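Engineer: Those protein sequence lines, which keep their order, are chains A and B. Counting in my numbering, the first sequence runs from 18 upward without gaps. Counting in my numbering, the second sequence runs from 18 upward without gaps. Have a look at this one before I ask anything.
There are 2 protein chains.
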Amino acid sequence: MGMSYPVTSIALPPAARPGDPLDRVDTPALLLELDAFERNVARMQAACSAAGVALRPHAKAHKTPAIALAQIRAGAVGVCCQKISEAIPFVEAGVRDIHISNEVGSPAKAALLAQLARHARMSVCVDHPAQIEWLAQALDTPLDVFIEINPGQNRCGVNDAEAVLRLLGPLQASPRLRFKGLQAYHGKVQHVRSRAERGEIARQAADRAASVVAALDARGVRCEVVTGGGTGSVEFDLAGGIYTEVQAGSYVFMDADYARNDYADAWRFEQALFLASRVMSVGDGSRIVLDAGLKSLAVDTGLPDVWERPLDYVSANDEHGIVNKRSPEAPHPALGDLLLLVPGHCDPTLNLHDELIAFRKGVVEAIWPVAARGLSR
Amino acid sequence: MGMSYPVTSIALPPAARPGDPLDRVDTPALLLELDAFERNVARMQAACSAAGVALRPHAKAHKTPAIALAQIRAGAVGVCCQKISEAIPFVEAGVRDIHISNEVGSPAKAALLAQLARHARMSVCVDHPAQIEWLAQALDTPLDVFIEINPGQNRCGVNDAEAVLRLLGPLQASPRLRFKGLQAYHGKVQHVRSRAERGEIARQAADRAASVVAALDARGVRCEVVTGGGTGSVEFDLAGGIYTEVQAGSYVFMDADYARNDYADAWRFEQALFLASRVMSVGDGSRIVLDAGLKSLAVDTGLPDVWERPLDYVSANDEHGIVNKRSPEAPHPALGDLLLLVPGHCDPTLNLHDELIAFRKGVVEAIWPVAARGLSR
């Protein structure tokens with residue numbers, strides 16, 4: 018099955034260069050509006066600092082070392098990654114404090130984590146004694162370990178303090194593992210539309226975490242860190258008094274799904290992420306077909322919105338998007354017109370792109386590699 | 018906004034090596050079962066050859082030069098790509114006949130096509146005079162051009178022979194452009210479940226193409242090639258007598274969506290594509306959480322199926338999949354168990370992965386780069 022390739026080499030021109038006006042960007046291309054992005058970064062940091070809670074933003078949202086470094090410059094204590102391989106480009110870029118907000122999945126993955134732990138302060142979650150055994154075997158440096166508890170999402174994590182204590186035995190028996198605290202993350206609450214209902218579920222999750230912390234405390238086990246929370250629940254996570262660290266990620270970008278939540282004004286972050294797309298066909302003159310579909314935009318939470326135009330993106334094929342006018346009298350976009358789309362779900366959309374084109378006031382300022390794209394191991 | 022990275026460099030170990038048993042593959046990883054794949058390639062080629070119709074498989078499904086070369090060795094006349102940038106790795110790998118089954122989107126894209134046309138026989142679609150102008154300006158070698166017609170999908174393409182004739186004027190006035198024929202592709206028909214209904218819509222699409230061909234013929238304009246068709250409609254495309262070339266792509270892999278179609282036995286291709294995933298958490302003991310979610314599997318046509326196990330994948334998060342047992346008595350998968358998933362939609366799933374692990378009889382045989390992943394410009 019060997020392959021020998023002829024030596025033809027064809028360079029794809031860059032989608033944009035610093036200084037280009039937005040209208041010159043080759044499409045489809047993922048864009049970051051820097052003014053809104055910087056305000057989002059500053060606002061979340063200010064809220065966490067005011068609450069006395071550490072901010073450890075989730076890098077699974079952006080997979081972009083330049084963004085992690087900007088968050089850390091603003092005051093974040095480090096970042097979260099969701100997979101161990103995802104952490105590699107952040108360590109390479111100089112991030113020195115990374116929490117893997119997920120269970121270690123195999124002895125091979127524990128070995129990769131051990132390698133990363135030689136370069137950066139790493140931590141990881143467990144919810145099963147086998148994971149503790151894999152870590153104990155693989156590590157040659159100390160590692161902070163969190164026990165994940167289930168705050169109501171019914172995904173990973175053990176249910177109660179008794180189960181935490183059963184894991185603490187083998188954890189504390191391993192000389193290189195250090196029990197750091199609990200992870201209590203509730204993903205589903207983030208996307209509950211009603212602010213009141215979201216607050217109620219977030220408080221229930223915090224109460225479950227608090228009761229486990231109290232039960233452990235009564236047994237003489239102190240949780241130094243309780244980590245969790247997200248962009249949709251952060252108002253309640255910061256007020257609840259149980260989280261010492263929040264993991265919000267999407268707030269840097271926002272997306273069409275998060276935009277549909279009801280927020281108090283202070284907690285509505287600004288849309289900073291866009292997919293630049295062009296009208297590539299008008300068919301027989303009545304249609305509007307964009308050059309961006311399923312391979313440029315994640316649609317798991319719904320189709321993208323068209324930014325500030327009376328147009329609806331109504332159907333996505335692999336590389337096409339079908340757009341309808343809201344009213345027949347509206348002007349018909351012309352072939353080649355640039356439209357900005359608001360992705361339905363930011364995290365998996367970033368995972369489709371190798372670079373993020375950062376712009377300010379209509380002019381490209383930088384091209385940032387989405388260096389952790391595709392790193393799901 | 019400049020960034021200087023420290024020189025830490027951490028190598029991600031390969032997910033698999035030739036000779037590894039499947040159970041050693043690091044997950045999540047995209048797998049190709051070579052026996053089924055080779056039978057699919059041979060069967061589609063035999064059907065097209067028997068019908069006297071050229072097979073030009075769509076490379077947007079696989080984005081993998083090794084697969085394109087296998088299809089060409091089996092008798093395919095070349096491949097289709099959906100975007101001009103997508104063709105780059107195929108030209109680099111030695112594919113010398115590529116049809117861009119889509120409209121050229123801008124002067125910059127026409128310039129890239131012109132560059133590719135210096136190395137390979139390229140063709141492209143148009144449905145607007147501006148696109149012809151962009152091509153005429155960019156090219157310094159001859160190029161075959163197809164006029165796309167709308168066979169009922171209402172995406173790209175002009176509606177009738179009169180509109181084709183209006184484009185033919187400028188096309189034939191340009192010395193480097195050569196009118197090659199029509200593209201008539203109906204994407205929606207591919208996924209109609211009922212074979213009878215699918216056949217009816219495919220015949221209507223073929224009839225629309227045939228009437229345009231006849232009207233052009235009556236005006237002395239000959240369509241040397243009529244290209245279209247897909248995995249769901251190929252039985253009817255080959256029988257209809259109007260297509261001289263079919264563009265099927267998904268047949269090499271199949272997916273959970275295509276598997277739900279009703280087919281005559283001879284036209285049901287075999288499942289050859291799998292996503293290898295492991296149980297990464299059992300939570301409190303009652304749950305089954307996989308290490309593969311939205312960043313490893315496209316869910317636009319639905320969630321994946323679990324291959325040959327009485328389990329249902331019921332919910333996808335970014336990097337997690339939640340699985341339920343069909344009956345409470347069924348054995349509970351253990352932490353670390355390997356499950357094979359059948360992706361809902363093959364094309365955008367390939368676009369999430371940098372490599373395809375080809376295996377036979379449970380042993381890894383080759384690692385194939387998905388070299389066109391992410392090339393959507």
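Cβ atoms here follow ideal geometry from the backbone N, Cα and C, with glycine treated the same way. Nothing here was measured: the structure is a model prediction, and the numbers come from that model.
Going along chain A in order, which residues have a C-beta closer than 7 Å to the C-beta of B/Val306?
Structural biologist: In the second sequence, the residue the question calls residue 306 of chain B occupies position 289. In chain order: Arg172, Cys173.
Engineer: Considering B/Val380, what are the terminal residues of the alpha helix (DSSP H) in which it resides?
Structural biologist: Start at 1 with the first residue of the second sequence, and residue 380 of chain B comes out as number 363. Not the alpha helix (DSSP H): B/Val380 falls in the beta strand (DSSP E), residues 380-386.
Engineer: Return the CA-CA distance between A/Asp52 and A/Ala309, expressed in angstroms with no decimal places.
Structural biologist: Position 35 of the first sequence holds residue 52 of chain A. Position 292 of the first sequence holds residue 309 of chain A. Rounded to whole angstroms, A/Asp52 to A/Ala309 spans 25 Å at the Cα level.
Engineer: Suppose contacts are defined by Cβ-Cβ distances below 7 Å. Is A/Ile166 in contact with A/Leu129 by that definition?
Structural biologist: Numbered from 1 along the first sequence, position 149 holds the residue referred to as residue 166 of chain A. Numbered from 1 along the first sequence, position 112 holds the residue referred to as residue 129 of chain A. No, these two residues do not count as a Cβ contact at 7 Å.
Engineer: With distance defined between alpha-carbon atoms, name the residue in A/Glu372, A/Ser303, A/Arg285 nearest to A/Leu49.
Structural biologist: Your numbering for residue 49 of chain A matches position 32 in the first sequence. For the residues A/Glu372, A/Ser303, A/Arg285, the minimum Cα distance to A/Leu49 belongs to A/Glu372.
Engineer: Please return the same chain residues whose Cβ sits closer than 6 Å to the Cβ of A/Gly19, not counting the five positions on each side in sequence.
Structural biologist: Residue 19 of chain A sits at position 2 when you count from the first residue of the first sequence. Caution is warranted here: a pLDDT of 43 is assigned to A/Gly19, below 50, making its placement in the model unreliable, and the coordinate value is therefore given only provisionally. If we look at A/Gly19 and ignore the five residues flanking it on each side, it has no Cβ neighbours.
Engineer: Could you spell out the range, first to last residue, of the alpha helix (DSSP H) harbouring B/Asp234?
Structural biologist: On the second sequence, position 217 is the one that residue 234 of chain B refers to. Segment 212-235, the alpha helix (DSSP H) holding B/Asp234.
Engineer: Give me the chain B residues within the contact set of A/Gln207, using Cβ-Cβ distance strictly less than 9 Å, ordered along the chain.
Structural biologist: As a first step, residue 207 of chain A is located in the first sequence; it is residue number 190 there, counting from the start. Result: empty, since nearest Cβ-Cβ is about 11 Å, beyond 9 Å.
Engineer: From A/Gly174 to B/Asp301, what distance separates their C-alpha atoms?
Structural biologist: To locate residue 174 of chain A, count along the first sequence from 1; it is residue 157. To locate residue 301 of chain B, count along the second sequence from 1; it is residue 284. Those two C-alpha atoms are separated by around 7 Å.
Engineer: Taking the CB atoms as reference points, tell me whether A/Cys97 and A/Gln264 lie closer together than 7 Å.
Structural biologist: Here residue 97 of chain A corresponds to residue number 80 of the first sequence, with the count starting at 1. Here residue 264 of chain A corresponds to residue number 247 of the first sequence, with the count starting at 1. Yes. Within cutoff.
Engineer: If you run the structure through DSSP and keep just helix, strand and coil, what is B/Ile84?
Structural biologist: By one-based count along the second sequence, residue 84 of chain B stands at place 67. Helix, per DSSP.
Engineer: What residues in its chain sit with their C-beta under 7 Å from that of A/Gly353, if we drop five residues either side in the sequence?
Structural biologist: Against the first sequence, residue 353 of chain A aligns to sequence position 336. Cβ neighbours of A/Gly353 beyond the five flanking positions: Arg295, Val296.
Engineer: For A/Met139, which residues in chain B fall below 7 Å Cβ to Cβ?
Structural biologist: Reading the first sequence from its first residue, position 122 is the one you call residue 139 of chain A. What A/Met139 touches in chain B: nothing, since even the nearest Cβ is about 12 Å away.
Engineer: Which residue's Cα is closest to the Cα of A/Arg34: A/Ala375, A/Ala351, A/Arg212, A/Pro159?
Structural biologist: The residue labelled residue 34 of chain A in the question sits at position 17 within the first sequence. With distances taken between Cα atoms, A/Arg34 lies closest to A/Ala375.
Engineer: Could you please give the first and the last residue of the uninterrupted alpha helix (DSSP H) stretch that includes B/Asp161?
Structural biologist: On the second sequence, residue 161 of chain B is found 144 positions in, with the first residue counted as 1. B/Asp161 -> not in any alpha helix (DSSP H); beta strand (DSSP E) instead, spanning 160-165.
Engineer: Quick check on this structure: which residue in B/Gln170, B/Val209, B/Ala213 has the alpha carbon closest to the alpha carbon of B/Tyr202?
Structural biologist: If you number the second sequence from 1, residue 202 of chain B lands on position 185. Per the Cα distances, B/Gln170.
Engineer: For B/Val482, tell me which candidate among B/Asp274, B/Pro348, B/Val340 has the shortest Cα-Cα distance.
Structural biologist: Nothing in the structure corresponds to residue 482 of chain B, since chain B is present only between 18 and 394.
Engineer: Using the beta-carbon of each residue, which ones in chain A are nearer than 7 Å to B/Ser393?
Structural biologist: Here residue 393 of chain B refers to the residue found at position 376 of the second sequence. Simply Pro45, Lys312, Ser313, Glu336.
Engineer: Are the C-beta of A/Met271 and some C-beta of chain B separated by less than 7 Å?
Structural biologist: Stepping through the first sequence from its first residue, residue 271 of chain A is reached at position 254. It does not: the Cβ of A/Met271 has no partner Cβ on chain B nearer than 7 Å.
Engineer: In terms of residue numbering, what span does the beta strand (DSSP E) encompassing A/Asn119 cover?
Structural biologist: For the purposes of this step, residue 119 of chain A is identified with residue 102 of the first sequence, where counting begins at 1. That run of the beta strand (DSSP E) goes 114-120.
Engineer: Would B/Gly204 pass as an interface residue toward chain A - the criterion being a Cβ-Cβ separation below 7 Å?
Structural biologist: Translated into the one-based positions of the second sequence, residue 204 of chain B becomes position 187. Cβ-Cβ to chain A under 7 Å: yes for B/Gly204.
Engineer: CA-CA distance, A/Tyr22 and B/Ala131?
Structural biologist: Counting from one through the first sequence, the residue named residue 22 of chain A turns up at place 5. Counting from one through the second sequence, the residue named residue 131 of chain B turns up at place 114. Caution applies to A/Tyr22, whose pLDDT of 48 falls short of 50 and renders its modelled position unreliable; the value that the coordinates give is listed next. So the two alpha carbons sit approximately 21 Å from each other.
Engineer: At least one CB of chain A closer than 7 Å to the CB of B/Ile218: is that the case?
Structural biologist: For the purposes of this step, residue 218 of chain B is taken as the residue at position 201 of the second sequence. So, not an interface residue.
Engineer: In whole angstroms, what separates the C-alpha of B/His370 from that of B/Leu47?
Structural biologist: In the second sequence, residue 370 of chain B corresponds to position 353, counting from 1. In the second sequence, residue 47 of chain B corresponds to position 30, counting from 1. If you take the alpha carbons of B/His370 and B/Leu47, they lie about 7 Å apart.
Engineer: Using 7 Å as the threshold, is the C-beta distance between A/Pro82 and A/Pro45 below it?
Structural biologist: Residue 82 of chain A sits at position 65 when you count from the first residue of the first sequence. Residue 45 of chain A sits at position 28 when you count from the first residue of the first sequence. Going by C-beta atoms, A/Pro82 is not nearer than 7 Å to A/Pro45.
Engineer: Consider the Cβ of A/Lys100: report whether some Cβ of chain B lies at a distance smaller than 7 Å.
Structural biologist: As a working mapping, residue 100 of chain A is identified with position 83 in the first sequence. Yes, A/Lys100 lies at the interface with chain B (some Cβ there is under 7 Å from its Cβ).
Engineer: May I have the straight-line CA-CA distance separating B/Gly391 from B/Ala104, to the nearest angstrom?
Structural biologist: Taking the second sequence and counting its residues from 1, the one referred to as residue 391 of chain B is at position 374. Taking the second sequence and counting its residues from 1, the one referred to as residue 104 of chain B is at position 87. So the two alpha carbons sit approximately 12 Å from each other.
Engineer: CA-CA distance, A/Arg210 and B/Thr248?
Structural biologist: Within the first sequence, the letter at position 193 stands for residue 210 of chain A. Within the second sequence, the letter at position 231 stands for residue 248 of chain B. Looking at the two C-alpha atoms, the distance is approximately 40 Å.
Engineer: How long is the line joining the alpha carbons of B/Leu156 and B/Val380, rounded to whole angstroms?
Structural biologist: For the purposes of this step, residue 156 of chain B is taken as residue 139 along the second sequence, with counting starting at 1. For the purposes of this step, residue 380 of chain B is taken as residue 363 along the second sequence, with counting starting at 1. Approximately 47 Å between the Cα atoms of the pair.
Engineer: For the alpha helix (DSSP H) containing A/Ala53, list its first residue and its last residue.
Structural biologist: Looking up residue 53 of chain A in the first sequence gives position 36. Segment 51-68, the alpha helix (DSSP H) holding A/Ala53.
Engineer: Taking C-beta pairs closer than 7 Å, name the residues in chain A that B/Ile105 reaches, listed in chain order.
Structural biologist: Position 88 of the second sequence holds residue 105 of chain B. The answer, in chain order, is Ile27, Leu29.
Engineer: Under 8 Å by Cβ, that's how I've got A/Gly69 and A/Leu86 pegged, so tell me the actual separation to the nearest angstrom.
Structural biologist: For this step, residue 69 of chain A is matched to residue 52 along the first sequence. For this step, residue 86 of chain A is matched to residue 69 along the first sequence. Not a contact, Cβ separation roughly 24 Å.
Engineer: Going by DSSP, what residue range makes up the beta strand (DSSP E) through B/Ile374?
Structural biologist: Here residue 374 of chain B refers to the residue found at position 357 when the second sequence is read from its first residue. 372-377 is the extent of the beta strand (DSSP E) around B/Ile374.
Engineer: Using three-state DSSP, classify B/Leu188 as helix, strand or coil.
Structural biologist: Numbered from 1 along the second sequence, position 171 holds the residue referred to as residue 188 of chain B. Residue state, collapsed to three classes: helix.
Engineer: If we define contact as Cβ-Cβ less than 7 Å, is B/Asp4 a contact residue for chain A?
Structural biologist: With chain B represented from 18 up to 394, any question about residue 4 of chain B goes unanswered, as that position is not in the structure.
Engineer: Are there three or more Cβ pairs, one per stretch, closer than 8 Å when the region 318-326 of chain B is compared with the region 116-125 of chain A?
Structural biologist: These segments do not touch.
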